[in-house]
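Numbering (this note's numbering), first residue to last: 1034 to 1281.
Here it is as structure tokens:
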């Protein structure tokens, strides 16, 4: 009987010790979670989404290449003020810039006038075909198209700045995509998200194609990206600049 009591006490002690170490050493860190643990799939979801949720946000459906003309609509000059957006980036002539979700190159070509090289990245070959055509037609030599996958932008290393205009909210695998993107950034590289303000219900864009500033900062923080500057001077969009840190 005495042996059983001692055995029970020893086992209990070991359980307490191991649990204690567990509590001390195991904390929630999204960076070490498997994909199935930081994504959720729900059968009930918005008709504008894919039913996949990341950190509480449902991912929006991708706008297909059939809507190319929407990207080139004249009203963008007033509703988005692209010149002001590009000016706010403070690009340098030596910069290597990635335009992620480049579409028809609406931002790729203006930036090409200011930097050494623009990598126009998209998952739709039809979009890249349009960019290649326009680059050849206008004799633009420093715009290179890259066909990405849903998990990898396929960028070369040493990127100074990665720009995503109204694109990030459609990434079907945002965690993996951004992890690979961050690996391609220089130590002081920047990530820029431009998203319609979800906080404002009067902006005539579908809800899932808008993002709140809080949600954007939450998702970037999960990757170790910290806010460098938040600019709210665009008519309808957040312009959010994040900095890569030494821990990335």
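Just so it is clear, CB atoms sit at the ideal spot from N, CA and C, and this is done for glycine as well.
Would you mind giving the Cβ-Cβ distance between residue i and residue j, rounded to the nearest angstrom? I have them listed as a contact below 8 angstroms.
| i | j | result |
| --- | --- | --- |
| residue 1205 | residue 1085 | 7 angstroms |
| residue 1225 | residue 1273 | 7 angstroms |
| residue 1129 | residue 1149 | 6 angstroms |
| residue 1263 | residue 1246 | 7 angstroms |
| residue 1239 | residue 1081 | 5 angstroms |
| residue 1165 | residue 1178 | 6 angstroms |
| residue 1079 | residue 1091 | 6 angstroms |
From the DSSP output, in three-state form, read off residue i for me.
| i | result |
| --- | --- |
| residue 1093 | strand |
| residue 1077 | coil |
| residue 1088 | coil |
| residue 1099 | helix |
| residue 1269 | coil |
| residue 1054 | Only weak support exists for where residue 1054 lies, its pLDDT of 34 falling under 50; the value from the coordinates is given anyway. Looking at residue 1054 - three-state DSSP - the assignment turns out to be helix. |
| residue 1275 | strand |
| residue 1047 | Low confidence applies to residue 1047: its pLDDT is 43, below 50, so where it sits in the model is not reliable enough to give any reading. |
| residue 1062 | Because residue 1062 sits at a pLDDT of 37, beneath the cut-off of 50, its placement in the model cannot be relied upon, and the point is left open. |
Of the residues the options, which one's Cα is nearest the Cα of residue i?
| i | options | result |
| --- | --- | --- |
| residue 1111 | 1125, 1145 and 1266 | 1266 |
| residue 1160 | 1147, 1180 and 1144 | 1180 |
| residue 1191 | 1124, 1098, 1278 and 1220 | 1220 |
| residue 1200 | 1239, 1117, 1134 and 1098 | 1134 |
| residue 1119 | 1195, 1100 and 1252 | 1195 |
| residue 1248 | 1202, 1235 and 1236 | 1202 |
| residue 1113 | 1098, 1278 and 1237 | 1237 |
| residue 1158 | 1140, 1098, 1071 and 1197 | 1098 |
| residue 1156 | 1278, 1171 and 1186 | 1186 |
| residue 1145 | 1174, 1154 and 1170 | 1174 |
| residue 1125 | 1277, 1213, 1198 and 1193 | 1193 |
| residue 1182 | 1171, 1172 and 1211 | 1211 |
| residue 1268 | 1235, 1075, 1172 and 1096 | 1235 |
| residue 1213 | 1147, 1083, 1277 and 1075 | 1277 |
Would you kindly check if the distance between the Cβ of residue j and the Cβ of residue i is under 8 angstroms?
| i | j | result |
| --- | --- | --- |
| residue 1152 | residue 1188 | yes |
| residue 1209 | residue 1270 | no |
| residue 1163 | residue 1176 | no |
| residue 1241 | residue 1131 | no |
| residue 1143 | residue 1115 | yes |
| residue 1252 | residue 1207 | yes |
| residue 1223 | residue 1244 | no |
| residue 1088 | residue 1255 | yes |
| residue 1101 | residue 1127 | no |
| residue 1198 | residue 1140 | yes |
Using 8 angstroms as the limit for Cβ to Cβ distance, is residue i near chain D?
| i | result |
| --- | --- |
| residue 1088 | Absence of chain D from the displayed structure is noted, only one protein chain being present. |
Worksheet item: Taking only runs of the alpha helix (DSSP H) that begin and end inside the segment 1148-1205, which ones reach a length of at least 4 residues, in chain order?
Response: Runs found: 1158-1170.
Worksheet item: At what residue ranges does the segment 1114-1151 contain a whole run of the alpha helix (DSSP H), taking only runs of 4 or more?
Response: Assignment of alpha helix (DSSP H) within the segment 1114-1151, counting only whole runs of 4 or more residues, yields 1115-1121 and 1141-1145 in chain order.
Worksheet entry | Start-end ranges of the alpha helix (DSSP H) lying completely within the segment 1200-1266, minimum 4 residues | As far as the segment 1200-1266 is concerned, its whole alpha helix (DSSP H) runs of at least 4 residues are 1207-1217 and 1246-1254.
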